[in-house]
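Colleague: If you scroll down you'll find the structure; I have some questions about it.
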Amino acid sequence: MEVTLKTHLYRSIAMVIIALMALQLTNAGGFQLNEHGSRAMAQGGAWAARAYDGSAIFFNPAGLGFQNHGSLYLGTTIIAPGVSFYGPTNQGQSGKTEMVSQVFTPINVYATYPLMEGLTVGLGINNPYGLGTEWDDNWTGRYITQKIDLKSFFFTPTVGYKVSDNLAIGANVSFVTGDVTLSRMVSPGDAKVELELSGTGFGFGGGVIFKATDELSIGASYRSSVKIDAEGTAAFTPSSALFPAGDAAASLELPSTAFIGVAYKVMPGLELEADYQYIGWESYKELKIDFKANNSSSVSPKNYENTFIIRVGGEYTMDEYQFRAGYLYDANPVPDHYVEPLLPDSDRNGFNVGLGYKLSETMTLDLSYLLLKFDERTVTGTEVQFDGTYQSTAHLFGINFGYQF
Numbered sequence: 014m015e016v017t018l019k020t021h022l023y024r025s026i027a028m029v030i031i032a033l034m035a036l037q038l039t040n041a042g043g044f045q046l047n048e049h050g051s052r053a054m055a056q057g058g059a060w061a062a063r064a065y066d067g068s069a070i071f072f073n074p075a076g077l078g079f080q081n082h083g084s085l086y087l088g089t090t091i092i093a094p095g096v097s098f099y100g101p102t103n104q105g106q107s108g109k110t111e112m113v114s115q116v117f118t119p120i121n122v123y124a125t126y127p128l129m130e131g132l133t134v135g136l137g138i139n140n141p142y143g144l145g146t147e148w149d150d151n152w153t154g155r156y157i158t159q160k161i162d163l164k165s166f167f168f169t170p171t172v173g174y175k176v177s178d179n180l181a182i183g184a185n186v187s188f189v190t191g192d193v194t195l196s197r198m199v200s201p202g203d204a205k206v207e208l209e210l211s212g213t214g215f216g217f218g219g220g221v222i223f224k225a226t227d228e229l230s231i232g233a234s235y236r237s238s239v240k241i242d243a244e245g246t247a248a249f250t251p252s253s254a255l256f257p258a259g260d261a262a263a264s265l266e267l268p269s270t271a272f273i274g275v276a277y278k279v280m281p282g283l284e285l286e287a288d289y290q291y292i293g294w295e296s297y298k299e300l301k302i303d304f305k306a307n308n309s310s311s312v313s314p315k316n317y318e319n320t321f322i323i324r325v326g327g328e329y330t331m332d333e334y335q336f337r338a339g340y341l342y343d344a345n346p347v348p349d350h351y352v353e354p355l356l357p358d359s360d361r362n363g364f365n366v367g368l369g370y371k372l373s374e375t376m377t378l379d380l381s382y383l384l385l386k387f388d389e390r391t392v393t394g395t396e397v398q399f400d401g402t403y404q405s406t407a408h409l410f411g412i413n414f415g416y417q418f
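Residue numbering for the sequence shown is 14 to 418, as defined by my numbering.
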């Protein structure tokens, strides 16, 4: 009996960590953040072929090659997600449960400086993976998840070089840190497990921008996968011989991504751009967890699918104002079998608007809003045996201040 219960315990911990790492990885449920500059965000994130400001460090480092001035670009995105679940239908329930309301504020900070004509360096600090979910302590799915809070930081030194008046290239490296706190109930015994996990990793990227004419520019960029080596400790309340604290370790890879964009100056003051973003999720086939307490391992199949995001947007400049709008379609990578309340993902449509204002000759203010509408998703026969229907929306508000010197 004791062996059976301990085996169940380790499997429960495995489920916690596996779900947790899936959150850190995936674009699902809004945990991968692509809003890293309000000017770009207002245009649906279609920015790879222009990348005029410091957010080029994220979207396309080649953009720094065409920037012949120093700059600071500082901002945040206020994110208010909402999820409703109807079910679990496989347990004879169809009632509505709403996720606890939360607000998140990931940051983006960029500094650039031209070392010489055509050669600019920069440093970016942002949070490409973050947010969290929280459900009521007594809700039906408390044995799958109750609460998770994820924080990550990417520190990215970057260099951009102007090869000619028409061509620029760029490259960067990223040092990555991540911290996660997660809680859920574990049976038997109705113990509450709280997991703290942290890890680090490195990645790299590169890009190119080609100005084919005065009106037409083409950009492409690539960000490598990032291998995360993580370790953590699980604590149980109440603590007992059945539910002892334990250490665990895992390694995984955040997917590689690639952008290609085309921008066109339709007339003086009006620019439009369309981008295609590819995300290589197919490499995420399984997740292996190693337990130090008993030298055992647990493997969870994932079988994610490659996916993409379509982005279109533009801006119109009139005197000291810039009016912006955009649209995005984001396809999810999670097969129906692996959808769960910790990861309530579906395809989504995003509608963007924004405003830029020139405060002075050297200072700018950018504001943006994004409404994300997720497709309603009904799943049956799921891995966690928790079938039902998910309805999700998210409201995002962005603000950035820019300074040139």
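All residues carry an ideal CB built from backbone N, CA and C; glycine is no exception. Please read these numbers as outputs of a predicted model, since none were measured by experiment.
Could you please give the first and the last residue of the uninterrupted beta strand (DSSP E) stretch that includes M129?
Modeller: As a first step, residue 129 must be located in the sequence shown, where it is residue number 116. Element bounds for M129: 120 to 129.
Colleague: Please report the straight-line C-alpha distance between Y403 and Y99, rounded to a whole angstrom.
Modeller: By 1-based counting over the sequence shown, the position of residue 403 is 390. By 1-based counting over the sequence shown, the position of residue 99 is 86. Their Cα atoms are separated by approximately 7 Å.
Colleague: Quick one: residues in its chain with C-beta nearer than 6 Å to the C-beta of D379, no 5 flanking neighbours on either side, listed in chain order?
Modeller: The residue given as residue 379 occupies position 366 in the sequence shown. Correct list, in chain order: S51, R52, G369, N413.
Colleague: Measure the Cβ-Cβ separation of F215 and V186 and say whether it is below 8 Å.
Modeller: Here residue 215 corresponds to residue number 202 of the sequence shown, with the count starting at 1. Here residue 186 corresponds to residue number 173 of the sequence shown, with the count starting at 1. In this structure, V186 lies closer than 8 Å to F215 by Cβ.
Colleague: Let's test the definition: count the other Cβ atoms within 10 Å of the Cβ of F399 and tell me whether it reaches 16, buried, or not, exposed.
Modeller: Position 386 of the sequence shown, counted from the start, is the residue given in the question as residue 399. Classification of F399: buried, given that the 10 Å Cβ count is 16 or more.
Colleague: How would you call V116, buried or exposed, if buried means at least 16 neighbouring beta carbons within 10 angstroms?
Modeller: Looking up residue 116 in the sequence shown gives position 103. When all chains shown are included, V116 counts as exposed.
Colleague: Using the Cα positions of I91 and L409, report the straight-line distance between them to the nearest angstrom.
Modeller: Mapped onto the sequence shown, residue 91 falls at position 78. Mapped onto the sequence shown, residue 409 falls at position 396. C-alpha separation (whole angstroms): 6 Å.
Colleague: Taking the straight line between their C-alpha atoms, what separation do you get for W152 and S196?
Modeller: One-based indexing of the sequence shown puts residue 152 at position 139. One-based indexing of the sequence shown puts residue 196 at position 183. Approximately 13 Å between the Cα atoms of the pair.
Colleague: Please state whether DSSP places Q37 in a helix, a strand or coil.
Modeller: Mapped onto the sequence shown, residue 37 falls at position 24. Confidence at Q37 is low in this model, with a pLDDT of 42, below 50, so its placement is unreliable and the value that follows should be read with caution. Here Q37 sits in helix by DSSP.
Colleague: Touching or not, the segment 320 to 327 and the segment 337 to 348, by the rule of three or more beta carbon pairs under 8 Å?
Modeller: yes
Colleague: Can you look up Q404 in the DSSP assignment and give me helix, strand or coil?
Modeller: The residue you call residue 404 lines up with position 391 of the sequence shown. If DSSP states are grouped into helix, strand and coil, Q404 belongs with the strands.
Colleague: Alpha carbon to alpha carbon, how far is P119 from N140?
Modeller: Indexing the sequence shown from 1 puts residue 119 at position 106. Indexing the sequence shown from 1 puts residue 140 at position 127. Cα-Cα distance, rounded: 6 Å.
Colleague: Here's a check: name, in chain order, each residue in its chain whose Cβ is nearer than 6 Å to the Cβ of N40, leaving out the five neighbours to either side.
Modeller: Taking the sequence shown and counting its residues from 1, the one referred to as residue 40 is at position 27. A caution first: N40 carries a pLDDT of 40, below 50, which makes its placement in the model unreliable, though a value can still be read off. For N40, where only same-chain residues beyond five positions count, there are no Cβ hits under 6 Å.
Colleague: Less than 8 Å between the C-beta atoms of T436 and T213, yes or no?
Modeller: This structure does not reach residue 436, given that the chain is present from 14 up to 418, and the question cannot be answered.
Colleague: What number of angstroms, rounded off, separates the C-alpha of N103 from the C-alpha of Y156?
Modeller: For the purposes of this step, residue 103 is identified with residue 90 of the sequence shown, where counting begins at 1. For the purposes of this step, residue 156 is identified with residue 143 of the sequence shown, where counting begins at 1. Straight-line Cα distance between these residues: approximately 15 Å.
Colleague: Can you give me the start and stop residues for the beta strand (DSSP E) that I138 sits inside?
Modeller: On the sequence shown, residue 138 is found 125 positions in, with the first residue counted as 1. Residues 132 to 139.
Colleague: Can you grab the Cα-Cα spacing for the pair G78 / A59, in whole Å?
Modeller: The residue labelled residue 78 in the question sits at position 65 within the sequence shown. The residue labelled residue 59 in the question sits at position 46 within the sequence shown. Approximately 19 Å, taken between the alpha carbons.
Colleague: Report yes if the CB atom of V312 is closer than 8 Å to the CB atom of F249, and no otherwise.
Modeller: Counted from its first residue, the sequence shown places residue 312 at position 299. Counted from its first residue, the sequence shown places residue 249 at position 236. Their beta carbons are not under 8 Å apart, which means V312 does not touch F249 by this criterion.
Colleague: Which residues bound the beta strand (DSSP E) around M376?
Modeller: Residue mapping note: residue 376 aligns to position 363 of the sequence shown, counting from 1. Following the DSSP letters along the chain, one finds M376 inside the beta strand (DSSP E) bounded by residues 376 to 387.
Colleague: Report, in whole angstroms, the separation of the C-beta atoms of L265 and I292, which I expect to be a contact under 8 Å.
Modeller: The sequence position of residue 265 within the sequence shown is 252, counting from 1. The sequence position of residue 292 within the sequence shown is 279, counting from 1. Going by Cβ atoms, the distance from L265 to I292 rounds to 15 Å, so no, they are not a contact pair.
Colleague: By how many angstroms is the C-alpha of H350 removed from the C-alpha of M34?
Modeller: In the sequence shown, residue 34 corresponds to position 21, counting from 1. In the sequence shown, residue 350 corresponds to position 337, counting from 1. Low per-residue confidence applies at M34: pLDDT is 47, beneath 50, and the placement is therefore not dependable enough to give any value.
Colleague: Suppose only complete runs of 4+ residues qualify. What are the alpha helix (DSSP H) ranges in the segment 131 to 202, listed by chain order?
Modeller: none
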